[in-house]
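Okay, so here's the structure we're looking at.
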Amino acid sequence: MSAKTINVALIGQKFMGRAHSNAYLKAPRFFDLPVNPVMHTIIARDLSSLKKFADRWGWANATTDWREAINHPEIGLVDVTTPNNKHKEFVLEALKAGKHVACEKPLAATLDDAREMRDAAKKAKRCKTFVWYNYRRVPAVATAYQLAREGRLGRIYHVRAYYLQGWASSPDIPLIWRFDKEQAGSGSLGDLGAHVIDMVRFVTGDEVEEIVGSISETFIKERTIPSGVGGAGIASGAKAGGKKGKVTVDDAVHAIGRMKQGGIFSVEATRFATGDENKHGFEINGEKGSVFFNFEDLNNLYYYDATLPVHVRGWTKIQTSVPGVHPYQAAYWPTAHPGGYEHAFVNQAADMMRVLGGEKPEIPLPDFDDAFETQRVLEAIELSAKQQAPVKLSTVK
Ligand SMILES: NC(=O)c1ccc[n+]([C@@H]2O[C@H](COP(=O)([O-])OP(=O)(O)OC[C@H]3O[C@@H](n4cnc5c(N)ncnc54)[C@H](O)[C@@H]3O)[C@@H](O)[C@H]2O)c1
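Going by numbering that gives the first Met the number 0, the residue at position 1 of the sequence shown is 0; the numbering climbs one at a time, nothing skipped.
Listed below in structure tokens is the structure:
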């Protein structure tokens, strides 16, 4: 363990609150880092459950007073895991107080909020910002990034990106915050599409030029308002009450477009893909090779090398778990003892500590500037669906 530490204040104690707590707990155990995170304060609205949460995960303090906690002189990094419309207020307060900030994705519920957060981050020159587009740090995705940087894909022709979940196809799922435009900004688009759009930008190193067309649909228009504390998440097992409310976001979205370097792409995000639990990834076809990734098979990257002699060509399954060869794996277990969902979060926490220690991680971390670009793509997809017309990214600022 290194001598330097940074005190973390984490806001939110449900799905992502747990994932990030685990990441801060594990990162300094598995990795040798220039700075180690100290789990100083957990912040949320319900003090009794929060105290239990703090004990379970090892947070030294638990509080409902977010303003005091963010401004506490001992805090160095503020991490925000609240619903999308609740990112901005906490983030702006933290940047004003001179703290480094990590924020969940998408950066915000609206492009306006995201822009304000990005601009505040630019002004707060001493503060580092991070956004939890954690799938970049799944070793198979990081390997795809490396193969692209090695020139193994060549000129990119096609990108097929998808994030398919099926849980919302049941009308019994209550009206949680994810179905509310004010809190979430958008539905499957910001919840799921944001991840694959980030992955595509990251792996290809290219940007979206234009959304040529987009279609979105809300299949179930009303759901039962959950009883209890407003807006509990799917991971919290919200119980349905009686009264119904409107679903104000997309249940599914499809978009097609053009990348700046000439490739064409499609992206699909849905929470109504019955039978698909968490099928998300991409297939990228280039002049020299292709890569295919599906999170339901997260330890493997499929690679097609089109430069090989024809008689040995074919898709190769690369099990990305070789220590010292595949990104992050030297920190964990021997070859073929693969990782799971939580490892990408641990890897991200480790890389954030590297940045805070003045190091440059091998796999780039998205900051607010970077996440704002993904937010512009989300906005363009929404606009295109609404206007039933193409939208050039240059018009979305
Ligand atoms: N990176 C990923 O893979 C990933 C996965 C899921 C969710 N997310 C993102 O994480 C964020 C949270 O999602 P989640 O699934 O953890 O949601 P959740 O509903 O499980 O948890 C949200 C937490 O925020 C708290 N909260 C809500 N309003 C608050 C307020 N006004 N003040 C203080 N706390 C408040 C809730 O009490 C809860 O603890 C969202 O931005 C979501 O898009 C990211």
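Even glycine gets a Cβ: it sits at the ideal position worked out from N, Cα and C.
Anticipated Cβ contact below 8 Å, residue i with residue j, distance rounded
i, j, result
"Y399", "W314", "Nothing can be reported for residue 399: it is not among the residues displayed for the chain, which extend from 0 to 396."
"L174", "G244", "5 Å"
"L188", "I380", "6 Å"
"L191", "Y144", "About 20 Å; that fails the 8 Å criterion."
"F294", "A22", "Actually they are not in contact, since the Cβ atoms of F294 and A22 sit about 18 Å apart, beyond 8 Å."
"T273", "D250", "Actually they are not in contact, since the Cβ atoms of T273 and D250 sit about 12 Å apart, beyond 8 Å."
"T109", "T319", "Incorrect: roughly 36 Å between the Cβ atoms, too far for contact."
"W65", "A101", "About 15 Å separates the two Cβ atoms, so there is no contact after all."
For residue i, the first and last residue of its enclosing alpha helix (DSSP H)
i, result
"P138", "P138 to R148"
"E378", "F367 to Q386"
"K95", "K87 to K95"
"Y23", "F14 to F29"
"T203", "A193 to T203"
"L110", "L110 to K122"
"N70", "W65 to N70"
"Q182", "K180 to A183"
Inter-residue spacing [alpha-carbon to alpha-carbon] between residue i and residue j
i, j, result
"S213", "E206", "17 Å"
"V324", "T247", "46 Å"
"L76", "I69", "9 Å"
"V252", "T217", "9 Å"
"A167", "E67", "37 Å"
"R135", "S47", "35 Å"
"V140", "F292", "7 Å"
"I196", "T373", "6 Å"
"S20", "M38", "8 Å"
"L9", "D78", "5 Å"
"I74", "W176", "29 Å"
"G232", "R44", "Note that G232 scores a pLDDT of 47, beneath 50, so its modelled location is shaky and nothing firm can be said."
"S383", "I210", "7 Å"
"R222", "G150", "49 Å"
"A193", "V137", "16 Å"
"V395", "G261", "19 Å"
"D366", "G356", "16 Å"
"A234", "L91", "With a pLDDT of 42 at A234, under the threshold of 50, the predicted position of this residue should be treated as unreliable, and no value is reported."
"Y303", "V309", "12 Å"
"F89", "S289", "41 Å"
"I42", "P105", "20 Å"
"I255", "E341", "31 Å"
"A305", "V311", "10 Å"
"A335", "I317", "11 Å"
"P322", "W332", "7 Å"
"K3", "P33", "7 Å"
"D118", "D296", "38 Å"
"V266", "R257", "11 Å"
"V390", "A107", "21 Å"
"K50", "G153", "53 Å"
"Q387", "R114", "25 Å"
"G401", "L377", "Lying outside 0 to 396, the shown extent of the chain, residue 401 is not represented and no answer is given."
"E103", "D368", "14 Å"
"K385", "S393", "18 Å"
"F52", "N299", "34 Å"
"V7", "K122", "22 Å"
"F30", "N133", "17 Å"
"E208", "F371", "15 Å"
"Q12", "P36", "18 Å"
One or two residues paired with residue i in a DSSP bridge
i, result
"T334", "Beta-bridge pairing links T334 to no other residue."
"S215", "V252"
"L9", "I41 and D78"
"E400", "The question about residue 400 has no answer here: the residues shown for the chain are numbered 0 through 396."
"K391", "E209"
"C126", "According to DSSP, which records beta bridges pairwise, C126 is partnered with nothing at all."
"K316", "Y301"
"N35", "T4"
"H325", "Answer by DSSP bridge pairing: none, since H325 is not bridged."
Enclosing beta strand (DSSP E) for residue i [first to last residue]
i, result
"P363", "Segment: none, P363 is in no beta strand (DSSP E) and carries neither H nor E."
"F281", "K278 to G285"
"I263", "I263 to T269"
"W58", "Per DSSP, W58 belongs to no beta strand (DSSP E) and is neither H nor E."
"L355", "Not the beta strand (DSSP E): L355 falls in the alpha helix (DSSP H), residues Y340 to L355."
"N83", "Taken as a continuous stretch (DSSP letters only), N83 belongs to no beta strand (DSSP E), as it is neither H nor E."
"I155", "I155 to L163"
"N293", "G288 to N293"
"H310", "H310 -> no beta strand (DSSP E), and no H or E assigned at all."
"A101", "H99 to C102"
Within-8 Å CB hit, residue i to chain B
i, result
"R44", "No chain B appears in this structure, which consists of one protein chain only."
(request) Report yes or no: do three or more beta-carbon pairs, one from the segment 78–85 and one from the segment 178–187, lie closer than 8 Å? (result) yes
(message) Tell me whether the segment 95–108 and the segment 124–133 touch, counting them as touching only if at least three CB pairs, one residue from each stretch, are closer than 8 Å.
(response) yes
(request) Examine the Cβ distances between the segment 15–34 and the segment 43–57 and report whether three or more of them are shorter than 8 Å. (result) yes
(message) I'd like to know if the segment 271–284 and the segment 157–170 are in contact, where contact means that at least 3 CB-CB pairs between them fall below 8 Å.
(response) yes
(message) Using 8 Å as the cut-off, can you tell me whether the segment 196–206 makes contact with the segment 358–373, which would need three or more C-beta pairs spanning the two stretches below that distance?
(response) yes
(message) Contact between the segment 337–355 and the segment 25–41 is defined here as three or more beta-carbon pairs at a separation below 8 Å; is this criterion met?
(response) In short, these stretches touch, since the Cβ pair count reaches three.
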